[in-house]
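Numbering-wise (our numbering), the sequence shown opens with residue 2 and increments by one.
Report on the following structure.
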Amino acid sequence: MPGLFGKLIRTPLRLMPSTAVVPILSGPNRGLRWVVGASTHGNWLGTFEGDKPRRMAERLKPGMTVFDVGANVGYFTLLSARSVGPEGKVFAFEPLTRNLEFLRRHVKLNALDNVAVLDSAVSEHAGTAHFSSGENHSMAHLADAGEFEVRLIGLDEEIDAGRLPDPNVLKMDIEGAESTALRGAKRMLERARPLVFLATHGPDIHAECLDLLRGVGYRVSSLDDKPVESTREVFAEPA
Numbered sequence: 002m003p004g005l006f007g008k009l010i011r012t013p014l015r016l017m018p019s020t021a022v023v024p025i026l027s028g029p030n031r032g033l034r035w036v037v038g039a040s041t042h043g044n045w046l047g048t049f050e051g052d053k054p055r056r057m058a059e060r061l062k063p064g065m066t067v068f069d070v071g072a073n074v075g076y077f078t079l080l081s082a083r084s085v086g087p088e089g090k091v092f093a094f095e096p097l098t099r100n101l102e103f104l105r106r107h108v109k110l111n112a113l114d115n116v117a118v119l120d121s122a123v124s125e126h127a128g129t130a131h132f133s134s135g136e137n138h139s140m141a142h143l144a145d146a147g148e149f150e151v152r153l154i155g156l157d158e159e160i161d162a163g164r165l166p167d168p169n170v171l172k173m174d175i176e177g178a179e180s181t182a183l184r185g186a187k188r189m190l191e192r193a194r195p196l197v198f199l200a201t202h203g204p205d206i207h208a209e210c211l212d213l214l215r216g217v218g219y220r221v222s223s224l225d226d227k228p229v230e231s232t233r234e235v236f237a238e239p240a
């Protein structure tokens with residue numbers, strides 16, 4: 002019976018045109034406009050990423066600067082832009098062309114003038130790398146055998162050159178490149194002390210990220226009910 006009920010619920014969702022624009026129904030992004038085919042229905046139903054959006058929204062304040070590294074199609078970009086208001090700024094980093102199209106569409110649909118979209122992947126240093134789109138758009142990642150090439154930037158290098166400001170909040174979800182990107186942001190972490198919302202991918206990368214954050218004086222905790230050593234959703238703040 003539960004399986005049948007689930008099918009009954011999902012059937013009308015499958016019939017919705019992928020190009021339809023709908024309001025997000027619940028959560029911190031409630032009322033903002035969303036393209037149905039951009040991602041899973043959980044994005045506009047308000048069930049996306051569990052409790053993480055609420056936890057992040059609680060920490061964001063008007064006037065803050067946010068780096069959304071691995072912005073995908075823009076759910077956390079919209080959340081950040083709404084939370085920091087017109088006096089704040091959101092820099093959304095996303096290298097995948099398909100995601101960029103939806104990301105820019107969502108920014109335009111919601112008239113978010115406080116968002117800058119950067120078509121780059123974040124790494125330790127500037128350069129280029131191959132990128133794989135993965136099984137779906139949310140699993141795209143850097144890969145030696147990737148099917149296309151993307152531009153890389155390092156956050157410290159961009160900030161030191163005056164092309165980016167220091168952020169108050171760093172959100173990062175980049176499918177296995179987190180420790181490399183954090184190494185390229187070490188000076189910024191030591192100087193600006195932003196709050197960090199980090200999704201890690203794999204136990205080795207997770208351990209590297211925790212070591213790096215603790216090494217620059219951060220206290221790390223879990224964004225879910227798991228111990229911090231075994232979760233993949235990390236919140237870090239200056240100790």
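All C-beta atoms in this analysis are idealised placements derived from N, C-alpha and C, irrespective of residue type, glycine included.
Quantities reported herein were computed from a predicted structural model and do not represent experimental measurements.
- A distance below 8 Å separates the beta carbons of Thr129 and Glu150.
- Residue nearest to Arg15 within the set Glu88, Val37 and Ala240 is Val37 (criterion: CA-CA distance).
- In the three-state reduction of the DSSP assignment, Ala200 falls in the strand class, which pools E and B.
- In this model, Leu211 and Val229 are separated by some 9 Å (Cα to Cα).
- DSSP places Gly155 in the uninterrupted beta strand (DSSP E) bounded by Phe149 to Gly155.
- Take Tyr76, set aside five residues on each side of it, and the residues of its chain with a beta-carbon closer than 8 Å to its own are Asn30, Ser40, Asn44, Phe49, Glu50 and Pro54, in chain order.
- Put simply, the region 104-120 touches the region 76-91. At least three CB pairs are less than 8 Å apart.
- Between Ile154 and Ser121, the CB-CB gap stays under 8 Å.
- Relative to Leu196, the option among Glu209, Val116 and Ala237 whose CA is nearest is Ala237.
- In the displayed model, Val85 falls within a helix according to three-state DSSP.
- Taking C-beta separations shorter than 6 Å and ignoring five residues to either side along the sequence, the partners of Leu33 in its chain run Ile25, Leu79 and Asn111, following chain order.
- As a beta-bridge residue in DSSP terms, Arg34 pairs with Pro24.
- Per DSSP, the beta bridge partners of Thr66 are Lys90.
- With fewer than 16 neighbouring CB atoms inside 10 Å of its own CB, Glu88 falls in the exposed class.
- Under the criterion of beta carbons closer than 8 Å, Ala82 and Val91 qualify as touching, at roughly 5 Å.
- Cβ atoms of Ala182 and Val123 come within 8 Å of each other, at about 5 Å.
- Note on geometry: alpha-carbon atoms of Lys187 and Leu113 lie some 30 Å from one another.
- The secondary-structure analysis by DSSP pairs Arg220 across a beta bridge with Glu238.
- Counting only residues of its own chain and dropping the five nearest sequence neighbours on each side, Glu234 has a CB closer than 7 Å to the CB of Lys53, Ala200, Ser223, Leu224 and Asp225.
- 8 Å or more divides the Cβ of Met57 from the Cβ of Asn169.
- Contact between Asp167 and Ala193 holds, since their C-beta atoms are separated by about 4 Å, short of 8 Å.
- Within its own chain, the residues whose Cβ lies closer than 8 Å to the Cβ of Val217, once the five positions on either side in sequence are excluded, are Lys187, Leu190 and Glu191, listed in chain order.
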